[in-house]
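4 protein chains.
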Amino acid sequence: MSENIWDGVIPQDEVDAYEAAGFGRASGVGSKPALLIIDVQYRTVGTEPKPFWESIKEFPTSCGEVGWQAVAQIEKLVAQFREKGWPIIYPYVAPKENFDTGRLAAKVPALMGVAAKGYEFVPPVAPQPGDILLPKRHPSAFFGTPLVSYLVERGIDTLVVTGCTTSGCVRGSVVDGFAYNYRVVVPHDAVYDRSLTSHKVNLFDMNAKYADVMSTDEAVSALSKVDAAS
Amino acid sequence: MSENIWDGVIPQDEVDAYEAAGFGRASGVGSKPALLIIDVQYRTVGTEPKPFWESIKEFPTSCGEVGWQAVAQIEKLVAQFREKGWPIIYPYVAPKENFDTGRLAAKVPALMGVAAKGYEFVPPVAPQPGDILLPKRHPSAFFGTPLVSYLVERGIDTLVVTGCTTSGCVRGSVVDGFAYNYRVVVPHDAVYDRSLTSHKVNLFDMNAKYADVMSTDEAVSALSKVDAAS
Amino acid sequence: MSENIWDGVIPQDEVDAYEAAGFGRASGVGSKPALLIIDVQYRTVGTEPKPFWESIKEFPTSCGEVGWQAVAQIEKLVAQFREKGWPIIYPYVAPKENFDTGRLAAKVPALMGVAAKGYEFVPPVAPQPGDILLPKRHPSAFFGTPLVSYLVERGIDTLVVTGCTTSGCVRGSVVDGFAYNYRVVVPHDAVYDRSLTSHKVNLFDMNAKYADVMSTDEAVSALSKVDAAS
Amino acid sequence: MSENIWDGVIPQDEVDAYEAAGFGRASGVGSKPALLIIDVQYRTVGTEPKPFWESIKEFPTSCGEVGWQAVAQIEKLVAQFREKGWPIIYPYVAPKENFDTGRLAAKVPALMGVAAKGYEFVPPVAPQPGDILLPKRHPSAFFGTPLVSYLVERGIDTLVVTGCTTSGCVRGSVVDGFAYNYRVVVPHDAVYDRSLTSHKVNLFDMNAKYADVMSTDEAVSALSKVDAAS
Chain A
22 MSENIWDGVI PQDEVDAYEA AGFGRASGVG SKPALLIIDV QYRTVGTEPK PFWESIKEFP
82 TSCGEVGWQA VAQIEKLVAQ FREKGWPIIY PYVAPKENFD TGRLAAKVPA LMGVAAKGYE
142 FVPPVAPQPG DILLPKRHPS AFFGTPLVSY LVERGIDTLV VTGCTTSGCV RGSVVDGFAY
202 NYRVVVPHDA VYDRSLTSHK VNLFDMNAKY ADVMSTDEAV SALSKVDAAS
Chain B
22 MSENIWDGVI PQDEVDAYEA AGFGRASGVG SKPALLIIDV QYRTVGTEPK PFWESIKEFP
82 TSCGEVGWQA VAQIEKLVAQ FREKGWPIIY PYVAPKENFD TGRLAAKVPA LMGVAAKGYE
142 FVPPVAPQPG DILLPKRHPS AFFGTPLVSY LVERGIDTLV VTGCTTSGCV RGSVVDGFAY
202 NYRVVVPHDA VYDRSLTSHK VNLFDMNAKY ADVMSTDEAV SALSKVDAAS
Chain C
22 MSENIWDGVI PQDEVDAYEA AGFGRASGVG SKPALLIIDV QYRTVGTEPK PFWESIKEFP
82 TSCGEVGWQA VAQIEKLVAQ FREKGWPIIY PYVAPKENFD TGRLAAKVPA LMGVAAKGYE
142 FVPPVAPQPG DILLPKRHPS AFFGTPLVSY LVERGIDTLV VTGCTTSGCV RGSVVDGFAY
202 NYRVVVPHDA VYDRSLTSHK VNLFDMNAKY ADVMSTDEAV SALSKVDAAS
Chain D
22 MSENIWDGVI PQDEVDAYEA AGFGRASGVG SKPALLIIDV QYRTVGTEPK PFWESIKEFP
82 TSCGEVGWQA VAQIEKLVAQ FREKGWPIIY PYVAPKENFD TGRLAAKVPA LMGVAAKGYE
142 FVPPVAPQPG DILLPKRHPS AFFGTPLVSY LVERGIDTLV VTGCTTSGCV RGSVVDGFAY
202 NYRVVVPHDA VYDRSLTSHK VNLFDMNAKY ADVMSTDEAV SALSKVDAAS
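Protein chains in written order, with our numbering: chain A, 22 to 251; chain B, 22 to 251; chain C, 22 to 251; chain D, 22 to 251.
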């Protein structure tokens, strides 16, 4: 396990402790994958790539350059899923309404005032006709949405989860996807966060308990072995 | 913010990045609290306090001594909730049945073979008649359980979440509790994990986005101001 | 029980059978009500009151005149809730997208081709700023929506359910509201259906097991005793 | 439509009204069925077949002889599912705990005092090792249970719903199964209720909107064409 994204953040004795408890086995990929692209909107990356502290001047919710780097990886998955005809699903945050008060407004008030431009999808990985749009109001793509119904209708058994943030909506969706018994793949370079430490530790947590964490290239390779006809 | 549990793990510039994005405001305590004691069973702490590497010889799922230290903190909250007559809820893992296959068995096979003794509640904070027992099969106390129905019946608006693991069932429950619009308090010394780093980073994440993280003593103090009659 | 809406449809011996089993006790009204107005859009009543067989020429999903009669009753509740400042929630069907296939499209294909005008709210009881809009894709207002989160945030303990159809989205929402432990009131003249028999039997079922069924005037009277300050 | 179970209860013009609106198309059977046997415990049929008014002396919740007639039909499905190796799932009511207050206790207090014997499964269709036991506290087998996780793990696309009551837990489960996009089959002689009228009208409702209603023999025949290998 010498080349994991969380090396240097999680000490070796803690990695050993998880292994001793038997965590981290691979779930593998099934035969009916769907791609989730979560919250890849201008509000999370800015309208153009800029360093974090520059980017948040445009949108306080932006993660900056790391988001654009992830977008480049997500493009590979989008190309593969479009070619195979597999479902691509866009859980996204809709503009806030005046009745959207609640805990989110209390904990992170800045989220309530994002400009309309911020809600647009980032063009290289934006939805096309036939993709599934899934507005959501809470972190997990499953919470308060009909996502499971879309997955059941299509017989999905595997979720590839991309977008942002690693420690927020990605993780929330991964935990729920796992609980519903979907096999979950998280390409670590196709998810992003405003804290690199939190990003790495969340990937460690998800790999230990809920998902198979790998690079986008490894995910594309694993998915290329899925028989589209199955 | 000079004395947070995650100091030294999350670098200051990342803490600053979260603050710049406006994360981490306090939600506060409401008027109808409930206490969640998650998975405080022998299988997560051992039948007696021992160092981690000793404890996992008894149960591979044990977190060892840190669990017993948290139990001592949870006792304070149990005393307060019993005195006030506020609900105490025990989400817990029931012994596995032969039909409990699925993603959990695939990711963490060691969880499937825990001895019966491991499922007993830890005596100092064990349930008493009138407490709510909530068997669960997935990380979040809300997933696949009637927890919300119990909360609605009792008019609960605030959840105090304790037990283990910080990065697993505690976090999953906190994210869902937040999404349901409950005010969530996480006493950082009343939750525990087998990785100290993951414990700290998950507390950072939860404080930034989903919950008010404080010490048990601070939580007891804040709760003492709640008017039980309201 | 001599003046129930289901008299003449459910035979007396069956009413007796339910009573013998102890069904049908009143739940009562709590202290924090919310009003649900379900699917009161032109597509369910037509743009003007017409007999059923005329009305379905405009929208095959219309219930016709009975819908307009219910609208007149709902107006009374809307007036009361606006005066008291209690929440009014509009679960409604959004126009179908091309990814909305699934069981609904299979069972009731006519639902997929309703004209845009049909999705407009019926003016006398249409939403105003501050009301909660809740798009849904399935019968129950709770299914795949964040309705519970809105109710928790507002401390709601009682739901008054109106709209249509009695045997469809009203009943589905009532069963779920009951399961979440909300007290549920169904004003029988403020809900409507395209089958009078099914309307009556569903009211019988709901009254026996899930809700307090009464007239709108009785509901307004019961609600007038709620202390808005509580 | 001259031989439907609801003939004589739903007037012809109301049947016509539903047909005019385009309701009632068949969903069909998929390739991965699961059988739900809901609440077939002594408390719903009595320990031996007796007329309704005799049977409720043993358990006030009994439906009497109609329950035993349905059990004989369910046996055919159990035999088929066991032979094919398809999943059989038992959503059932567990004995009440002292914390199980709530709306159910308010609406139907008699349900709270059933003797232990009443919770035993009816022998001819009782669970065997490997079957899935699903304790529930609310009408729908999906509500507050991990049922969807079991279905996703097994790739299920079709539910055959049996047991009781037609107007209660059967209907609640059917509506949710439909909303999750499962194909749903309800064998009308394998479900039962204490009101024959409500039984028939609920079958009409379910056939119009949520499920394919047919006899058990027809269901067995339709299922015999499913390729077990798919």
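Ideal Cβ positions, reconstructed from N, Cα and C, are used throughout, including at glycine.
Taking 8 Å as the cut-off between beta carbons, the residues of the region 148-170 of chain D near chain C are HIS159, PRO160, SER161, PHE164, GLY165, in sequence order. The alpha-carbon separation between PHE163/C and LEU217/B amounts to approximately 39 Å.
MET227/D: member of the alpha helix (DSSP H) spanning 217-230, first to last residue.
The Cβ-Cβ distance between LEU180/A and LEU57/A falls below 7 Å.
Taking a 10 Å sphere around the C-beta of SER245/B, we find fewer than 16 other C-beta atoms and assign the residue as exposed. The region 50-88 of chain A is shown to contain whole alpha helix (DSSP H) runs of 4 or more residues at 63-66, 73-79, in chain order. Across the set TRP89/A, LYS53/A, GLY165/A, VAL182/A, the C-alpha of TRP89/A shows the shortest separation from the C-alpha of TYR63/A. Listed as beta-bridge partners of ILE109/B by DSSP are LEU56/B.
Comparing C-alpha distances from ARG204/D to each of ALA240/D, LYS117/D, GLU79/D, PHE142/D shows the shortest one belongs to ALA240/D. Between GLN149/B and the set THR186/B, CYS185/B, ARG158/B, VAL99/B, the nearest pair of CA atoms involves VAL99/B.
Around the beta carbon of ALA200/C, a 10 Å sphere encloses 16 or more other beta carbons of the protein chains shown; the residue is thus reported as buried. Beta bridge pairing from DSSP links VAL207/D with VAL234/D.
Between ALA91/B and chain A, the shortest Cβ-Cβ separation is not below 7 Å.
Taking C-beta atoms as the reference points, MET133/B and LYS117/B count as a pair closer than 7 Å. The CB of GLY123/D comes closer than 7 Å to the CB of SER170, GLU174 in chain B, given here in chain order. Within chain A, the residues VAL173 have their CB atoms less than 8 Å from the CB of TYR203/D, given in chain order.
With fewer than 16 other CB atoms across the displayed protein chains lying within 10 angstroms of its CB, SER242/C is exposed. Nearest to PRO108/D by alpha-carbon distance, out of GLY29/D, ARG175/D, GLY51/D, LYS221/D, is ARG175/D.
For the 7 Å CB-CB criterion, SER170/D and VAL182/D do not form a contact. Interface criterion met: the Cβ of PHE120/D is under 7 Å from a Cβ in chain B. Think of a sphere of 7 Å around the beta carbon of GLU75/D: no beta carbon from chain C falls inside it, the nearest being about 12 Å out. In chain D, no part has a C-beta under 7 Å from the C-beta of TYR113/C; the shortest such distance is about 16 Å. Pairing VAL87/A with GLY184/A, the inter-Cα distance amounts to about 11 Å. Assigned with DSSP and collapsed to three states, PRO156/B falls in strand. PRO145/C counts as exposed, since fewer than 16 other C-beta atoms from the protein chains shown sit within 10 angstroms of its C-beta.
Taking a beta-carbon distance threshold of 7 Å, ASP37/C does not count as an interface residue toward chain D. Taking the Cα of HIS220/A as reference, the smallest distance to any Cα among LYS97/A, LEU172/A, ASN119/A, CYS190/A is reached at CYS190/A. Counting other Cβ atoms within 10 Å of its Cβ, PRO32/C stays below 16 and is therefore classed as exposed. DSSP lists LEU56/A, VAL206/A as the beta-bridge partner residues of VAL181/A. Burial of GLY123/C is indicated by the presence of at least 16 other C-beta atoms within 10 angstroms of its C-beta.
The Cβ neighbour count for GLU79/D, taken over all protein chains shown within 10 Å, is at least 16; the residue is labelled buried. TYR201/D carries a coil assignment under DSSP once its states are collapsed to helix, strand and coil. Going by C-alpha positions, ASN119/D is about 26 Å away from CYS84/D. Spanning the alpha carbons of VAL50/D and ILE77/B requires a straight line of approximately 49 Å. Counting the other CB atoms within 10 Å of its CB gives PRO208/A a total of 16 or more, which places it among the buried residues.
Fully contained in the region 24-49 of chain C are the following alpha helix (DSSP H) runs of length 4 or more, in chain order: 33-41.
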